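> Following this message is one structure expressed as structure tokens.
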Amino acid sequence: MSKIEIRTVDVLQYIKPLREGGSLPAIVKADDDFLYVLKFRGAGQGKKALIAELLGGEIARAIGLKVPELVFMNLDDSFSKTEPDEEIQDLLKYSVGLNLGLHFLSTAITYDPLVPISDEMTVSKIVLLDSIISNIDRTHKNTNLLNWNKELWLIDHGASFYFHHNWQQWENHLTRTFPLIKDHVLLERATMLEVASEEIKKLLTEEKIKEIVSLIPEDWLLSESDTLTPNEMRVAYIKFITTKLSKIDSLVNEANDAR
1 MSKIEIRTVD VLQYIKPLRE GGSLPAIVKA DDDFLYVLKF RGAGQGKKAL
51 IAELLGGEIA RAIGLKVPEL VFMNLDDSFS KTEPDEEIQD LLKYSVGLNL
101 GLHFLSTAIT YDPLVPISDE MTVSKIVLLD SIISNIDRTH KNTNLLNWNK
151 ELWLIDHGAS FYFHHNWQQW ENHLTRTFPL IKDHVLLERA TMLEVASEEI
201 KKLLTEEKIK EIVSLIPEDW LLSESDTLTP NEMRVAYIKF ITTKLSKIDS
251 LVNEANDAR
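What follows is the structure, given as structure tokens:
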């Protein structure tokens, strides 16, 4: 199994904000000449949204789903000085340092549930992924799915792992399932949940989970308001994911009942 490597690039040019996202992500150009959707550490949910984006995206990739390449993006303080929009100016100022980018799929279109483009196995994996990572943001209102080259691509996992917004209570989430799966945009077509769960268990080994969690930059785990150390947080993320995986049969039953 190949080792996960996340490249680090520098932001060269701020092109435009994507105002449909609540956290004002932006299209930027990096020093490798590619375009990225940049998620800012200074946005509403801060570094925790970047952690959820990183973990959710790489877990999805590990189980064979399509996710745009994720990169770490260095943003310097020059951009805020030339930005006329005050809201964006503040966002750029508070985001100096290491941020997260997704490769921009330039001709992709938003997924239309009325025009299904993927097989039931893929759909079932996506539903179970979102149950495992407690992703509340893949609904008919906001699919966070793209149709690119007639394939289904997953984006925006920043609302996952919401337990990490309150570390004092995080262990309470270990015993919970994910009732919000009833609102999942793909639930109706997820007819192969049992088969998908077996494949996920094979691909998402404890070793792979630890490798994915180890990708989180130390800086993103530091906050004056948090009660845990960065190392304790890493242990918590690993325990959360492995516990959910050990309860995958319950997640399958819950999704089947909701469907």
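So in UniProt numbering, spot 18 of the sequence shown is number 18, and the numbers just go up one at a time. The beta-carbon is built from N, C-alpha and C at its ideal position, and this holds for glycine as well. Note that the coordinates shown come from a computational prediction; the quantities given were computed from them, not determined experimentally.
(1) Between residue 37 and residue 103, what straight-line distance do the alpha-carbon atoms span, to the nearest angstrom?
(2) From which residue to which residue does the beta strand (DSSP E) around residue 72 run?
(3) Return the bridge partner residues of residue 169 from the DSSP annotation.
(4) Taking the alpha-carbon positions, what's the residue 65 to residue 46 distance?
(5) Which one of 43, 202, 58, 18 has the shortest CA to CA distance from residue 153?
(6) Rounded to whole angstroms, what's the CA-CA distance from residue 156 to residue 87? Just pull it up for me.
(7) Kindly indicate which three-state DSSP category residue 10 falls into: helix, strand or coil?
(8) Tell me the rounded alpha-carbon separation between residue 252 and residue 116.
(9) Taking the alpha-carbon positions, what's the residue 209 to residue 232 distance?
(10) In angstroms with no decimal places, state the Cα-to-Cα distance between residue 228 and residue 165.
(11) Name the residue from 91, 173, 5 whose alpha carbon lies nearest to the alpha carbon of residue 71.
(12) Look up residue 103 in the DSSP assignment and say whether it is helix, strand or coil.
(13) Starting from residue 145, trace the alpha helix (DSSP H) both ways and give me its first and last residue.
(14) Might you give, ordered along the chain, the residues of its own chain that have their beta carbon closer than 8 Å to the beta carbon of residue 239, omitting 5 neighbours on each side?
(15) Which of the three DSSP states is assigned to residue 229 in this structure?
(16) Is the beta carbon of residue 190 less than 8 Å from the beta carbon of residue 123?
(17) If we count Cβ pairs, one from each stretch, closer than 8 Å, do we get three or more for the segment 180-187 versus the segment 128-136?
(18) Excluding the 5 residues flanking residue 105 on each side, which residues of the same chain have their C-beta closer than 8 Å to its C-beta?
Taking the structure as given:
(1) In this structure, the straight-line span from the alpha carbon of residue 37 to that of residue 103 is close to 6 Å.
(2) Element bounds for residue 72: 70-75.
(3) Its beta-bridge partners do not exist; DSSP assigns none.
(4) Whole-angstrom Cα-Cα distance: 26 Å.
(5) Between residue 153 and the set 43, 202, 58, 18, the nearest pair of CA atoms involves 58.
(6) Rounded to whole angstroms, residue 156 to residue 87 spans 22 Å at the Cα level.
(7) Note: residue 10 maps to strand in three-state DSSP.
(8) Rounded to the nearest angstrom, the gap between the Cα atoms of residue 252 and residue 116 is 22 Å.
(9) Spanning the alpha carbons of residue 209 and residue 232 requires a straight line of approximately 15 Å.
(10) About 12 Å.
(11) Comparing Cα positions, the closest option is 5.
(12) DSSP places residue 103 in the strand class (E or B) of the three-state scheme.
(13) Note, residue 145: premise wrong, no alpha helix (DSSP H); beta strand (DSSP E) at 145-148.
(14) Beyond the five residues adjoining it in sequence on each side, residue 239 comes within less than 8 Å, by CB distance, of 174 in the same chain, given in chain order.
(15) If DSSP states are grouped into helix, strand and coil, residue 229 belongs with coil.
(16) For residue 190 and residue 123, yes; Cβs fall inside 8 Å.
(17) Yes: at least three Cβ pairs fall under 8 Å.
(18) If we look at residue 105 and ignore the five residues flanking it on each side, its Cβ neighbours are 68, 146, 148, 153.
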